[in-house]
Amino acid sequence: MAEPIRHARRALIWLFVLTVALGGALVAGVATGQTAASPKLALDLEGGTQMILAPRVDGGEAITQEQLEQAVEIIRQRVDGSGVSEAEITTQGGRNIVVSLPGIPDSRTRELIQASANMEFRPVIMAGSYGPTPEDQRLSDEELPQPTGEPETASDTNWVTPELYREFEAYDCEAAIQERSVEPAPADAPTIACDPAYQAKYIVGPVEVDGDTIADASHGQVRNAQGYVSGGWAVNIEFNSEGTRQFREVTERLTALQGAQNQFAILLDGVIVSAPASNVVIADGRAQITGNFTEETAAKLAEQLKYGALPISFEIQSEQQISATLGANQLQMGMIAGVIGLVLVAVYSLFQYRTLGLVTLASLVVAGILTYLALVLLGWTQNYRLSLAGIAGIIVAIGLTADSFIVYFERVRDELRDGRNLVAAVEAGWFRARRTILASKAVNLLAAVVLYVMAVGSVRGFAFTLGLTAIADLVVVFLFTHPMLQVLARTRFFGQGHPASGLDPRTLGVAPFYRGAGLVRPVLPVSPDAAVGRRKPKRQSEAEAERRLTIAERRRLAAEGADEPDAPAASEEARASVPANTRADAGRTGGKGANDA
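Right, dumping it as C-alpha cells:
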C-alpha cells in the first residue's frame, strides 16, 4: 500500500475516533440526565431574570460613580465565578445596578449578588502545600497538634485543633477554587485560606483588622530611605485612625515571630490576595507591600484593597422575568441567513469544482458536527451559553472554512496545469497549501483571542465561537479533506480527469505535451524529492534527446521561455507524468507538426 494511502487511512481513523469520543460523551450525559442534547442558550435567546439592585451604604453616605463601577466589577466577577455565563451587568441612572441572568438564579447566586465584598486581615498560623497532603505523609493520631490552653492572640497555635489540622491536610485549594466552594469564615474563628498566586495554603487566625478601615490604597515604584527609586513595584496602604491602631498592635507582635507566623494574610471573599511578611512595626498607619510585583499586578492589588472592602451591600429593588421573543426572532433570521450562506457556498463549490465540490460540502458537514458537539459539551462542563453573537461567529466561520478548501483545491489544479498527474498534484498541492492554511487560521485564532481577552459581554461570545470554528476547520482539513483527496486521486473517475470531476486537464488549460517542430511542454518532476524543491539527476535518455535537438529547435525553445536546459527533453519519465487523455492529444498534435515539418 502506498504511503499516501496509509496516511489517509490513519487520519480518517483518528477523525472517526475523535467524533465517536465526543458523541459518546454527549450520549452518556444525556442518558444520565446531566445535560441536554442541544447547546445551552444565553439570555438573549432563552430569556431569564432581570434584577435591579439598590445600594445600601453604611452611615447613610452617598455612593460615588467610582464606587458604583467597582461594585459592578465585583458583582461581575462573582457571577462569572459562580458558573453563570453571558450575564449582563450595567449601571442605571448613576445609582442602581441592573443584573440580567439567563434562566432563574438560585439562592446562592442571589446571596453573592447582594452581599458586600468581604475583606479581612488575618495572621498566618501555619503554612502548607497547595494541594492535599498524600495520605502516606499525613500525621498519625498521636502526632496531631493538641491545644495546651486557650489561645491568647490571633497568632497562637492553640487555635489549631486535631480536627482543623486533619481538614488542613486533606484540603485541595485548586479543587475548592474551581468548584467555587470557598466561603468566608466567621470573623472570630480560625480558617483555611488559599493563596493562588504563590500556590500555598494557610491556617489563619481570627480577623484582626477589617478591610473597611483602609482609607486609601495605591501602587508605585519602591523608594529607598533617601526617596530615590530603587526598582520594583509596591502597593501602599493607608488606614484610618481605628485601622492605624489595630495594625500597629498586630505588626508589633508579628515582627517578633518567625516563619509563617510572621505573615499577615489579606483575604477577599475567603481567598488570599496577598500574604506579606511583617518586617517593621507600622505605627503611622501607612504600610507598604513589596514583592515580585509588576506594574499590572501592583495596580490590581491596590484596586482590590481600595474597593474590595466597600461598605456597600445591595437589596433587590425589583425582579422580573424577561422573555426571549426578540432574541428568538433574531435567532430565526440568523439561522435563515446561515442556511442561505451555506446554500450559496454549495452552489459555488459545485459550479466551480463539479463533483470535487462534494468534498467541500462533506467537509463543512464534518466541521459542523464537531462544532456542535463541542458547544454542547462545553455547555455541560463549563456552563457555556450560546448567544446571538456566538451564532454570528459560526455563520462567519462558514466562509472562512470554505476558504481553506478553495486554497487547497486551487493549489492542486495549479499542479495539474504544470503537468503533474493527479496523485502527484495532490501531494505537491498540499505541501504548498497547508502553509497558507496554517497562516490564515493563526490570524483567525489571534483575532479571536484578542477579542475574547479585551472585550466583555456578547463580543466575547462572538470571539469564542470564531476561535472554536477555526480549530475545528484545522482538524477537518488535516484529518478529512486532504485524506479524502488522497483516496479520490486513485479512483478512475478523478484520476483520469473525467469532465465532471472538476479536474479535467483540458478544462484546466493544460498544454499538449508535444507542440510540434521539436517543441515539448516542460514537465515538473513527480518524485517526492521534487515536492520539496530537490531535482533528480538527468537520465541518459533525457541527455540524448537534448543532444539531438537542432539549432532552430534550441532557439525556438529559448524564445518560448523554457526555464530549464533539460526542459525540452521528451523523456519517457516526463510523458508518464501526464494524464492519458493529454498524452493522446499530444500525439495527435505531434503528428501534425511532423508532417508540416
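Numbering (my numbering), first residue to last: 530 to 1126. Built from N, CA and C at the ideal position, the CB exists for glycine as well.
Item	Value
Measuring straight from C-alpha to C-alpha, what distance separates PHE768 and ALA831?	13 Å
My output table needs one value for PRO1094: the three-state DSSP class, helix, strand or coil.	A caution first: PRO1094 carries a pLDDT of 43, below 50, which makes its placement in the model too unreliable to give a value.
Would you say LEU544 and PRO652 are within 8 Å of each other, going by their C-beta atoms?	no
Which ranges does the alpha helix (DSSP H) cover as unbroken runs of at least 4 residues, wholly within the stretch 977-1005, from first to last along the chain?	987-1005
Tell me whether the beta-carbon of ILE642 lies closer than 8 Å to the beta-carbon of ALA600.	no
Quick one, which of PHE650, CYS723, VAL779 has its alpha-carbon nearest ASP813's?	VAL779
Name the two residues that bound the continuous beta strand (DSSP E) containing GLY749.	743-752
Would you give the residue range spanned by the alpha helix (DSSP H) that TRP543 belongs to?	532-560
Any idea if THR720 is buried or exposed, counting beta-carbon neighbours within 10 angstroms, 16 or more meaning buried?	buried
Is it right to say TYR937 is buried, meaning 16 or more other beta carbons lie within 10 angstroms of its own, or is it exposed?	buried
Assign GLU672 to one of three DSSP states: helix, strand, or coil.	helix
Can you tell me the Cβ-Cβ gap for ILE801 and ILE766, rounded? I've got them flagged as a contact below 8 Å.	Rounded, the Cβ-Cβ distance is 16 Å, inconsistent with contact.
Reducing DSSP to helix, strand and coil, say where ILE924 ends up.	helix
Closest by CA to ARG639, which one among VAL872, VAL905, ILE845, ALA954?	ILE845
In whole angstroms, what is the alpha-carbon distance linking VAL738 and GLU598?	25 Å
Only counting the same chain, and skipping five residues up and downstream in sequence, which positions put a Cβ closer than 6 Å to that of GLY922?	PHE991, THR994, LEU995
Is it true that the CB of SER892 sits closer than 8 Å to the CB of GLY886?	no
Quick check: the stretch 755-764 against the stretch 663-683, are there 3 or more CB pairs under 8 Å?	no
Here's the rule: buried if 16 or more other CB atoms are within 10 angstroms of the residue's CB, otherwise exposed. What is ASP724?	buried
Quick one: what's got a C-beta closer than 8 Å to GLY863's C-beta in the same chain, skipping five residues either side?	LEU917, ILE920, ALA921, ILE924
Go to THR620, then tell me how far its beta strand (DSSP E) extends in each direction, as first and last residue.	617-621
Use the C-beta contact count for SER852: other C-beta atoms within 10 angstroms, 16 or more gives buried, fewer gives exposed.	exposed
In angstroms with no decimal places, state the Cα-to-Cα distance between GLN849 and MET580.	7 Å
Sort out for me which residues DSSP pairs ILE633 with in a bridge.	According to DSSP, which records beta bridges pairwise, ILE633 is partnered with nothing at all.
Going by DSSP, what residue range makes up the beta strand (DSSP E) through PRO652?	648-658
For GLN563, write down the residues that DSSP places opposite it in a beta bridge.	BP columns for GLN563 are empty, so no partner.
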